[in-house]
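> This is the structure I want to talk about, given as structure tokens.
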Amino acid sequence: MRKMMPNPHFPSSKRQERCWGAAVSSLSAPCCPEVRSRSSLCCSVSHCASLGAFAVQMVLIPAGVFTMGTQEPQIQQDGEGPARRVHLGSFYMDQYEVSNLDFESFVNSTGYITEAEKFGDSFVFEGMLSEAVKADIHQAVAAAPWWLPVKGASWRHPEGPDSSISSRMDHPVLHVSWNDALAFCRWAGKRLPTEAEWEYSCRGGLENRLFPWGNKLQPKGQHYANIWQGEFPTNNTAEDGYKGTAPVSAFPPNGYGLYNMVGNAWEWTSDWWAVHHSPQDFHNPQGPSSGTDRVKKGGSYMCHKSYCYRYRCAARSQNTPDSSASNLGFRCAASTAPGPR
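Heads up: the sequence shown runs through residues 5 to 345, numbered per the numbering used here.
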């Protein structure tokens, strides 16, 4: 088991390094807990036919230059700044997050077993659990007690063994680690996007805007993303129509025709995590050459300005590559249009 340094935003892999107690500001509490090891807890488909309905729909993102990051970081410790000019070649991006249907096709084709299934549990937001499941749980993440380790929670059973995805096949697949996401991408003839590609795609051709559609969260009162409304973590009023995840085609697309680039489910990128960035121009940056955590972007249905104001284009977060949770998914990218295998 690798040694993790204590991280005030996301619990590390060892019990003694994660049990700092609840005296953590809500904004710095884990948006998605790092999972391994389990000692991290405290408190006593032709190819098109084999793929799902959404996976084959990719959008060509044109080459260009954009401003990555921000000069006005909202969460300083996440390394949102400084703003820097980034040059990117053209690439393809999935129009939608990878759905349960897509992932099921992958599993049926390959027999793949996710890391959450191998480990036997995964983290689930307390408010999504049945009372029967909660009754058998006696541990929680100290810095974010709403995150509970649930035996049997996996992509097929997002809220534990008594839950199902049968009515959510068009929702984003959850409980997938970075390693699981990479395996899917390789099977599909794709790859994970770099953080720069992801953010460029998210912005949809806009410059220096908070969100993929502009600076107002709800222009003309319209919801553009699936995030938490109400008071976190006790009351989600679901004014956007969803208490949990939404279909991957929900809400208006951004300027590039991409859906749910913020909110709904966190999305893995290929980059290793770092918080210090040079302000110089970059050309097709790939991120650090090594690290312990991978970058994820976009926030999730659990994000609220008071707790996890990370549903902004420049926002970022991280988790270990084997982490999984009930708000963590992905979408794929490709350097060239993928064809039949």
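Cβ coordinates follow ideal geometry from the N, Cα and C atoms, glycine included. Please read these numbers as outputs of a predicted model, since none were measured by experiment.
Using a Cβ-Cβ cutoff of less than 6 Å, which residues in the same chain neighbour W217 once the five nearest sequence positions on both sides are dropped?
Y228
> Which same chain residues, not among the five before or five after W272, have their C-beta less than 7 Å away from its C-beta?
W182, A185, L196, R298, K300, F334
> Do the stretch 286–293 and the stretch 232–251 meet, that is, are 3 or more Cβ pairs less than 8 Å apart?
Short answer: they don't touch.
> Quick check: the stretch 106–121 against the stretch 202–220, are at least 3 beta-carbon pairs closer than 8 Å?
no
> Report yes if the C-beta distance between V180 and A157 is below 8 Å; otherwise report no.
No, they are not a contact pair.
> Reducing DSSP to helix, strand and coil, say where K254 ends up.
Before going on, a small fix: residue 254 reads as Ala here, not Lys. Residue state, collapsed to three classes: coil.
> State yes or no: is the C-beta of W277 within less than 8 Å of the C-beta of S304?
no
> Please confirm whether P66 and K194 have their CB atoms less than 8 Å apart.
no
> Distance, Cα to Cα, M132 vs P176?
When rounded, the distance between both Cα atoms is 16 Å.
> Closest to S397 by C-alpha separation, out of P37, M62, C35, C36, would be which residue?
Since the first and last residues shown for the chain are 5 and 345, residue 397 lies out of range.
> Measuring CB to CB, does N323 end up less than 8 Å from G267?
no
> Rounding to the nearest angstrom, what Cα-Cα distance links T340 and G93 in this structure?
Straight-line Cα distance between these residues: approximately 11 Å.
> Is it right to say D125 is buried, meaning 16 or more other beta carbons lie within 10 angstroms of its own, or is it exposed?
buried
> What do you reckon, are the CB atoms on E211 and F70 nearer than 8 Å?
yes
> Reducing DSSP to helix, strand and coil, say where V69 ends up.
strand
> How would you write the range of the alpha helix (DSSP H) that L105 sits in, first residue to last?
Element bounds for L105: 104–114.
> For L262, which option in Q81, Y100, P325, N240 has the closest C-alpha, if you only look at C-alpha atoms?
Y100
> Between the alpha carbons of Q75 and Q284, how many angstroms are there, rounded?
Annotation: Q75 to Q284 spans about 14 Å, alpha carbon to alpha carbon.
> Checking the sheet assignment: what are the DSSP bridge partners for M97?
V63, A337
> With G68 and R88 assumed to form a contact (beta carbons below 8 Å), what rounded beta-carbon distance in angstroms separates them?
Going by Cβ atoms, the distance from G68 to R88 rounds to 15 Å, so no, they are not a contact pair.
> Would the beta-carbon of I141 fall within 8 Å of that of P153?
Result yes, Cβ atoms of I141 and P153 sit closer than 8 Å.
> Could you pull out every unbroken beta strand (DSSP E) segment of at least 3 residues lying fully inside the stretch 303–329, listed in chain order?
Entirely contained in the stretch 303–329, the beta strand (DSSP E) runs reaching 3 residues are, in chain order, 321–323.
> Going by the DSSP bridge assignment, what does R89 pair with across the sheet?
In the DSSP output, where bridge partners are listed per residue, R89 has T71.
> How is K300 classed by DSSP in three states: helix, strand or coil?
strand
> By DSSP, does L186 sit in helix, in strand, or in coil?
If DSSP states are grouped into helix, strand and coil, L186 belongs with the helices.
> Report the option in E235, A329, I79 whose CA atom is closest to the CA atom of V145.
A329
> On the DSSP bridge assignment, give the partners of R195 in chain order.
R195 is bridged to A337.
> Kindly give me the distance between the Cβ atoms of R320 and E199, rounded to whole angstroms, as I take these residues to be in contact under 8 Å.
About 7 Å separates the beta carbon of R320 from that of E199, a gap short enough to meet the 8 Å contact definition.
> Among the residues of its own chain, which have a CB less than 7 Å from the CB of S103, if the five just before and after it don't count?
G56, F58, M173, D174, H175, P176, V177, V252.
> Could you tell me the boundaries of the alpha helix (DSSP H) in which K155 lies?
Not the alpha helix (DSSP H): K155 falls in the beta strand (DSSP E), residues 151–155.
> Have a look at H280 and G85 and give me their C-alpha separation to the nearest angstrom.
8 Å
> Under 8 Å, Cβ to Cβ, is there at least one residue of chain B near L262?
The chain inventory of the structure shown lacks chain B, comprising one protein chain alone.
> What span of residues does the alpha helix (DSSP H) with F123 cover, start to end?
119–123
> According to DSSP, is G225 part of a helix, a strand, or is it coil?
helix
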